Amino acid sequence: MKISSKVFAASTVFVSLIFLNSSTTIAAPLKETFLNPQIEGKYIDACLNSFRFQDGCNKPAQNEVANQFCRWRRYSSASQWQSQDFGWGNRTINWKWIERYTDGELQANFFSNEGANRFTVIECR
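Yeah, the sequence shown ends on 227 if you go by this note's numbering, and it's all consecutive.
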């Protein structure tokens, strides 16, 4: 029995559509590296403002910011990161992680802020 090319092509398209509509999920990458990471075109400030850190630019504080960036990107945490102080003359508007109480409520989020110390690499996992 000979199948016409039109019937064969239609069958192939139908079978392809069945596979596209299946419930198979595609796994996200296990890790991703972000060079000069940004959110909506603004760099990520490597320092933070928080009552939990005396020095908002030390390694534990920077690790917290990198973790928050990775959570924002739907990863669990940062596996490694690098930051650089570009000098006050080269400051930009960045996203700074700020934790503060307002009317008894804790607000923790990225807020627009001017700064010069920002991440150059964040690897999320």
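Quick reminder that beta carbons are idealized off the backbone N, C-alpha and C, glycines included. Since this is a predicted model, take the numbers as computed values, not measurements.
Just how far apart, CA to CA, sit Arg176 and Lys198? Numbered from its first residue, the sequence shown carries residue 176 at position 74. Numbered from its first residue, the sequence shown carries residue 198 at position 96. The straight-line gap from Cα to Cα measures roughly 18 Å.
Give me, in chain order, the residues of the same chain whose beta-carbon lies closer than 8 Å to that of Ser185; leave out the 5 immediate sequence neighbours on both sides. Here residue 185 refers to the residue found at position 83 of the sequence shown. Within the same chain, and ignoring the five residues on either side of Ser185 in sequence, the residues whose Cβ sits closer than 8 Å to its Cβ are Ala148, Gln164, Asn219, Arg220, Phe221 and Thr222.
Three-state class that DSSP yields for Cys149 in the structure shown: Taking the first residue of the sequence shown as position 1, residue 149 is located at position 47. In the three-state reduction of the DSSP assignment, Cys149 falls in the strand class.
Can you check which of these residues, Leu208, Asp187 and Ile141, is closest to Arg154 by C-alpha distance? Here residue 154 refers to the residue found at position 52 of the sequence shown. The residue with the shortest Cα to Cα distance from Arg154 is Leu208.
Is DSSP giving Cys54 helix, strand or coil here? Since the displayed the chain opens at 103 and closes at 227, residue 54 lies outside it and no answer follows.
CB Tyr145 to CB Asn211, shorter than 7 Å? Taking the sequence shown and counting its residues from 1, the one referred to as residue 145 is at position 43. Taking the sequence shown and counting its residues from 1, the one referred to as residue 211 is at position 109. Taking a C-beta distance under 7 Å as the contact criterion, Tyr145 and Asn211 do not qualify as a contact pair.
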